[in-house]
Every structure is written in C-alpha cells, then in structure tokens.
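Just so we're aligned: the sequence shown equals residues 13 to 425 in the working numbering.
Idealized CB from N, CA, C, for every residue including glycine.
Inspection log for the structure reproduced underneath, given as structure tokens.
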Amino acid sequence: MKSMRIARMIALFVLLSISALFFLPIAVSAEELTPDIKAKSYILLDFDSGAVLGEFKADEERAPASMTKMMSAFVVLDKINEGKLKWEDVVTVSQRAANIEEAQLFLKAGEKVTVKELFTAMLVYSANDATVALAEHVGGTEEGFVELMNQKAQALGMVHTHYRCASGLDLHLYPDPPQVSGDHVMSARDSAILARELIRTYPEVLQTTAMTEATFFEGTDHAQKKPNWNKMLPGFNQFYEGVDGVKTGHTNRAGYCFTGTAEQRGYRLISVVMGTGSDHARFAETKKLLDYGFGSFQPKEWIAQNGKIRGKETLALPNGVERTVPVVANEKLVVPARIGEEENYTIQVTFNKGVQAPLNKGDVVGEAKLLYKNQPVKGVAPIQMVAAAPVEQASEFRLFFRKAGDTIKGWFN
13 MKSMRIARMI
23 ALFVLLSISA
33 LFFLPIAVSA
43 EELTPDIKAK
53 SYILLDFDSG
63 AVLGEFKADE
73 ERAPASMTKM
83 MSAFVVLDKI
93 NEGKLKWEDV
103 VTVSQRAANI
113 EEAQLFLKAG
123 EKVTVKELFT
133 AMLVYSANDA
143 TVALAEHVGG
153 TEEGFVELMN
163 QKAQALGMVH
173 THYRCASGLD
183 LHLYPDPPQV
193 SGDHVMSARD
203 SAILARELIR
213 TYPEVLQTTA
223 MTEATFFEGT
233 DHAQKKPNWN
243 KMLPGFNQFY
253 EGVDGVKTGH
263 TNRAGYCFTG
273 TAEQRGYRLI
283 SVVMGTGSDH
293 ARFAETKKLL
303 DYGFGSFQPK
313 EWIAQNGKIR
323 GKETLALPNG
333 VERTVPVVAN
343 EKLVVPARIG
353 EEENYTIQVT
363 FNKGVQAPLN
373 KGDVVGEAKL
383 LYKNQPVKGV
393 APIQMVAAAP
403 VEQASEFRLF
413 FRKAGDTIKG
423 WFN
C-alpha cells in the first residue's frame, strides 16, 4: 500500500509538472519571429535607415541572374548624370549583341535603337540583347562596361559581389562570352545595398521599374509589347500593394530570385530572395517578408535633428571658458521599432576621447547608436553628436584660479 501511495504521488507530481509547461510564458527571440522563408538566402531592409529587419545567409555569394541588371542600370544612370550619355543617343546594335538569347527583343545587327529604349527593355523585360548593346555602347566593349560595374560595386561597399557580364546570364549561354575572370556572384545583402543606393541616388528609376509593360519599335513592323517579369505589380496575379520595383532574375544556376521594394504609408522596404524554387515562389516568399516588415515594425523617430539625448546633454570641457558644452544630434534618427517592444531599444552615446576647447558650433564630439536588447541595430549607421555652441579655450590664468577655487570648495565638502 505504501509503495502504491508513493507511486501515485510521483505520478501526480509528473502530471502537474507537465501541465505547468503549457501555462508558462515562452520566451521568443527576435530571430524566431522572422517568417519561414523558403529561399537559399534572403534579407529585408528598411529603406530609409538601412536597418536589417530579417536575414538568412545574407552574405552568401550566389549567382544573381538578371538582378545584375540593377548595376548595369546604375552605371548607365551615372553616365547620364555626368553628361557623358543622353537618352536620345542612338546605339548601333553589334552582331555579338544580336546573338544574345533568352529574354530578348530579337535585335538585328546594324539596327539603331535609342539609349532610352534599350534601358527600358533592360529593366522592364530584362532583355539580354538590349543590355549587351547598351553595355557595349557605354563601355566600348562589354568587358569595359563590366569593369565599371565592379568599380561601382566596390565604391558601394558590396564586398560579396563580382561581375563577369552585364546581363547576368550564365556565360555558357553567351555565343561569345566576355573575357572577365572570376565568378559572377552577388550576395542578398549586396543586392539590397545596390537596390537601396540605386533608388536613393536616382529615385526616378522607379518610374521605369513600375511599368507593367512596354512597347518597343512602335509604328514599325518590328513593334512588340513586352510585360514586366515582376508579377507583384498592379494587374498581375501576385499583386502586392505598394510594390514598384525592382528586378527579377532566373537561370538554372541561380534559381528564381527577386529584389523587390514596396512603400506603404510612407514606409519603404527593400527585400531580396535568392534561390527560390519557382517563378511563383519568389513572389510568395517576398510577400511573407513584406508582410512581416509592414506588420511587425513601425517607423519611430528616436532622436530629433538638433535634439538632445537624456543624460548626455553636455560634455565636460576642463580647459574651456565654459566648463561644459551643450551637445545635440546633427541629424534625426528614424528607425523601425518592433511593435510592442519599444522599451527594448536604447540610445548609446560615446564621446570622443580627449575633446578639448576651443570648439566651434557643429564640431563633432561623439556618436550615438541605436541598440536593441543592448546590441546595435544591424545596418543602422551611428549619427554624429556635435557641439551646439562655440567654446573658447580658457587662459592659463583662468585655469589656475579655477583649480584653486575647486580645491578650496573641496575642503568644505
């Protein structure tokens, strides 16, 4: 009997312990809240601040396919901006460009096409023959153009990127591939950096990437209407509110990729998925990322421009006429906060070592970082803290009597 009673007590204890597990609060990390994205790599960025809202293998170097054309567009827009190229300039199509296959306008050798028409075909329909014709015109050769692409990638800090061609086609698909060494790769993070900087520098590019279709060689027997491959644009079966770019990509090696952007309520996101399994999947996985970004975060102004940070309003200046200098932020800091977790964000101010008078108004004296759970928010650059007023250097005479006065005060304290 006694042994049976003990057994019942043990069983009851085990049962109560198991039951308690169902009612205990479960701690869920930020990473676990990210949706299950079926892609070889991905990333989600806040456009304005660059804050990383979610990522997986974002620095893995992968074949980017036609997402490459974002960089081709950047190089072309730079040349337009520099005055070295005009939209109405006429390009004579080479035999080499005419031989490029896959997505194409079926250009003919010797055909004359404007820069604007080739640019539109490159971004809307992802036409490879148009891209190569444009690259040869701008760079002299496709190799010369690719050199400009790689230089731009380096300037943008795209450390996991190298280009071998302007189109993103696997080189075995070129009848006459460009002679550039290395591997043609780009990481999801670099693709997001590229899209963000492209839109920040040339926001008008969205007028082209948002086109659902374009007609080429209008009024000729060669006229053709081509759709945008981005099926998240209005009128397509995977429409998503606010999507207006940027670039799809697909080869057997790359899988189905998409760098997308959408704006809702003045809040823009950049998303990248690489190596998904189908045309439908790249947009379905992008939808998950965008739903997550718009549904789980909201923009918040953490620091106002010329704003003070509590507890760090002043910086001591032992050798100044004034003993302290007021300190403010030289720009505002707006970063999306995870909804319901605002208390987990803090501002960390670090003052530069050895700051002394004289100081001019606006001189940098330190920096401020946004932390989430005591860790810097990835992708968000620190903002500078500056002197809000000038401070002159105190004379040796003033400093001598200040020190003497402090000593005397210390006797009575």
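Quiz item: What does DSSP give as the partner residues of His-174 in its beta bridges?
Solution: Val-197
Quiz item: Could you give the C-beta distance for Leu-117 and Asp-141, rounded to a whole number, given that I count them as a contact under 8 Å?
Solution: 6 Å
Exercise. Find the nearest neighbour of Arg-322 within the set Ala-296, Leu-65, Val-340, Trp-99, judged by alpha-carbon distance.
Key: Per the Cα distances, Val-340.
Practice problem: Look at Gln-368 and Asn-318 and say whether their C-beta atoms are less than 9 Å apart. | Solution: no
Quiz item: Which residues does DSSP pair with Thr-263 in a beta bridge?
Solution: Gly-267
Exercise. Leaving aside the five residues before and after Leu-229 along the sequence, list all residues of the same chain whose C-beta is less than 7 Å from its C-beta, in chain order.
Key: It is worth fixing the name first, because residue 229 is Phe in this sequence and not Leu. Excluding sequence neighbours, Phe-229 sits near Ala-235, Gln-236.
Exercise. Quick one: residues in its chain with C-beta nearer than 6 Å to the C-beta of Asn-372, no 5 flanking neighbours on either side, listed in chain order?
Key: Pro-402
Quiz item: In angstroms, rounded to a whole number, what distance separates the CA positions of Gly-366 and Ala-328?
Solution: 10 Å
Quiz item: What residue range is occupied by the uninterrupted beta strand (DSSP E) comprising Leu-245?
Solution: Looking at the DSSP string, Leu-245 is not in any beta strand (DSSP E), and its letter there is neither H nor E.
Self-check item: One or two residues paired with Phe-397 in a DSSP bridge
Solution: One point to set straight first is that residue 397 is Met, not Phe, in the sequence displayed. DSSP, once it has assigned bridges, lists Ala-341, Gly-378 as partnering Met-397.
Exercise. Determine the direct distance from the alpha carbon of Gln-191 to that of Thr-227, and round the result to whole angstroms.
Key: Pairing Thr-227 with Gln-191, the inter-Cα distance amounts to about 33 Å.
Quiz item: In three-state DSSP terms, what is Leu-302?
Solution: helix
Quiz item: Going by the CB atoms, is the gap between Arg-265 and Ala-51 shorter than 9 Å?
Solution: No.
Quiz prompt | Whole-angstrom distance between Ala-204 and Leu-382, CA atom to CA atom | solution = 21 Å
Exercise. Answer yes or no: do Ala-70 and Pro-348 have a C-beta to C-beta separation smaller than 9 Å?
Key: no
Quiz item: Quick one, which of Leu-281, Asp-256, Ala-296, Phe-248 has its alpha-carbon nearest Tyr-268's?
Solution: Ala-296
Quiz item: Any contact of the region 111–129 with the region 282–302, i.e. 3+ C-beta pairs under 8 Å?
Solution: no
Quiz item: When the Cα atoms are used, what is the spatial distance from Val-88 to Ser-308?
Solution: 37 Å
Quiz prompt | Rounded C-alpha distance that separates Leu-245 from Gln-219 | solution = Rounded to the nearest whole angstrom, the C-alpha separation of Leu-245 and Gln-219 is 12 Å.
Quiz prompt | Local conformation of Ala-145 per DSSP, three classes | solution = In the structure shown, Ala-145 sits in a helix (DSSP, three-state: H, G or I).
Quiz item: Quick one: is Thr-358 buried, meaning 16 or more other Cβ sit within 10 Å of its Cβ, or exposed?
Solution: With fewer than 16 other Cβ atoms within 10 Å, it is exposed.
Quiz item: Which residue's Cα is closest to the Cα of Val-377: Asn-386, Ala-393, Val-392, Ala-399?
Solution: Ala-399
Quiz item: What are the residues that DSSP puts in a beta bridge with Gln-276?
Solution: Tyr-279
Quiz item: If we ignore side chains and look at the alpha-carbon of each, how far apart do Phe-251 and Asp-60 end up?
Solution: 23 Å
Quiz item: So, is the C-beta of Ala-380 closer than 9 Å to a C-beta in chain C?
Solution: In the displayed structure, chain C is absent; only one protein chain is listed.
Quiz item: How do the region 92–106 and the region 168–185 stand: do at least 3 beta-carbon pairs fall below 8 Å, yes or no?
Solution: no
Quiz item: Helix, strand or coil for Ile-92 per DSSP?
Solution: helix
Practice problem: Give the secondary structure of Asp-188 by DSSP, where H, G and I count as helix, E and B as strand, and everything else as coil. | Solution: coil
Quiz item: Is it true that the CB of Thr-271 sits closer than 9 Å to the CB of Met-485?
Solution: It is not possible to answer for residue 485, since the shown part of the chain is limited to 13 through 425.
Quiz item: Would you report the Cα separation of Gln-405 and Val-217, rounded to the nearest angstrom?
Solution: 51 Å
Exercise. State the DSSP-derived secondary structure class of Thr-80, mapped to helix, strand or coil.
Key: helix
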